[in-house]
Amino acid sequence: MRGGVYDGLLLDHDGVLVPLAPRSVLEAAVVEAFAAAGIPDPLPEDVDAVTIEVSPAELRAVADRYDVDPDRLWRFREDRIEAALRDEATDGRKVPYEDVAALEHVDAPVGIVSNNQKRIVEFVLRTHGLIERAGTIHARPPTRDSLHEKKPDPTYLDAAASDLGCSNPLYVGDSESDIVAGQRAGFDTVFLRRSHNADREIDTDPLLEAKSLRTVVETLEPAD
Numbered sequence: 006m007r008g009g010v011y012d013g014l015l016l017d018h019d020g021v022l023v024p025l026a027p028r029s030v031l032e033a034a035v036v037e038a039f040a041a042a043g044i045p046d047p048l049p050e051d052v053d054a055v056t057i058e059v060s061p062a063e064l065r066a067v068a069d070r071y072d073v074d075p076d077r078l079w080r081f082r083e084d085r086i087e088a089a090l091r092d093e094a095t096d097g098r099k100v101p102y103e104d105v106a107a108l109e110h111v112d113a114p115v116g117i118v119s120n121n122q123k124r125i126v127e128f129v130l131r132t133h134g135l136i137e138r139a140g141t142i143h144a145r146p147p148t149r150d151s152l153h154e155k156k157p158d159p160t161y162l163d164a165a166a167s168d169l170g171c172s173n174p175l176y177v178g179d180s181e182s183d184i185v186a187g188q189r190a191g192f193d194t195v196f197l198r199r200s201h202n203a204d205r206e207i208d209t210d211p212l213l214e215a216k217s218l219r220t221v222v223e224t225l226e227p228a229d
């Protein structure tokens with residue numbers, strides 16, 4: 006824990022700024038991706054493996070099971086997920102949490118760090134008028150190789166902090182992988198509790214837990 010005066014704020018996207026999409030929406034998009042790859046009736050466990058928290062090994066195993074190129078299957082998956090989440094944003098279901106307004110009072114530079122696709126993050130932020138609040142955005146390109154850079158790897162956090170020119174940012178996430186990534190980068194972390202993770206237990210201790218971004222903004226402000 007560094008403490009002191011924070012010179013930047015890094016935020017996860019899904020679950021921090023906007024709600025997570027329903028799993029059913031993501032699964033339906035993945036089923037469409039399988040169909041586009043010539044697999045009309047994938048096993049439910051294979052759909053599950055390619056929906057969220059996908060690992061390179063899982064993707065390869067699923068692709069091998071159906072004798073399909075993993076890069077091809079993944080591209081279909083990424084495109085279908087992007088289309089589904091665009092619809093969630095434009096149809097008013099994936100909208101900013103009410104407390105996101107508190108970020109208007111943040112003077113420090115702000116960066117977004119997400120395991121989601123960068124094109125999705127940018128679209129959601131632009132749709133809801135938040136894109137100008139982000140001094141930088143680091144998230145995945147729609148490629149299989151990007152799976153190796155996901156949090157808890159600190160790659161995106163390090164890059165965002167470098168872009169913003171800050172050495173002691175505060176990082177806010179809603180999952181244990183966020184907290185681990187922040188600690189690996191050497192940054193203080195906040196575990197933000199929303200409805201989807203209100204009762205979740207994690208094994209890695211953040212600097213603090215919060216139920217609102219307002220608490221985060223207060224933490225950024227130096228004491229008088």
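Residue 178 in the numbering used here is what sits at position 173 of the sequence shown, and the numbering runs on without skipping anything. Here a beta-carbon is modelled for each residue, glycine too, at the ideal position from N, C-alpha and C.
Following the DSSP letters along the chain, one finds A215 inside the beta strand (DSSP E) bounded by residues 213-215.
The segment 71-148 contains, as complete alpha helix (DSSP H) runs of 4+ residues, the segments 75-95, 123-132 (chain order). Residue nearest to E50 within the set A40, V67, G43 is V67 (criterion: CA-CA distance).
Annotation: D17 is outside any beta strand (DSSP E) and is labelled neither H nor E by DSSP. As the crow flies, the alpha-carbon of Q188 is around 7 angstroms from that of T194. Listed in chain order, the non-local C-beta contacts of P211 below 7 angstroms within the same chain comprise I184, T194, V195, F196, local neighbours out to five positions each way being set aside. Taking the Cα positions, D69 is about 8 angstroms away from P75. Classified as exposed, L48 has fewer than 16 neighbouring CB atoms from the shown chains inside 10 Å of its CB. Where F39 is concerned, the enclosing alpha helix (DSSP H) starts and stops at 28-41.
The segment 117-130 makes contact with the segment 79-94, as at least three CB pairs between them are under 8 angstroms.
As for any alpha helix (DSSP H) of minimum length 4 sitting wholly inside the segment 135-210, the runs are 160-169, 181-190, ordered along the chain. For T141, the closest of H18, G97, T56, L152 by C-alpha to C-alpha distance is H18. Annotation for E50: the continuous alpha helix (DSSP H) segment containing it runs 49-54.
In the three-state reduction of the DSSP assignment, V23 falls in the strand class, which pools E and B. Contact between V73 and I44 is confirmed by a C-beta separation of about 7 angstroms, below the 8 angstroms threshold. The residue among V105, H201, K216, L225 with its C-alpha nearest the C-alpha of P27 is H201.
If you look at E223, you'll find it in the alpha helix (DSSP H) that goes 218-225.
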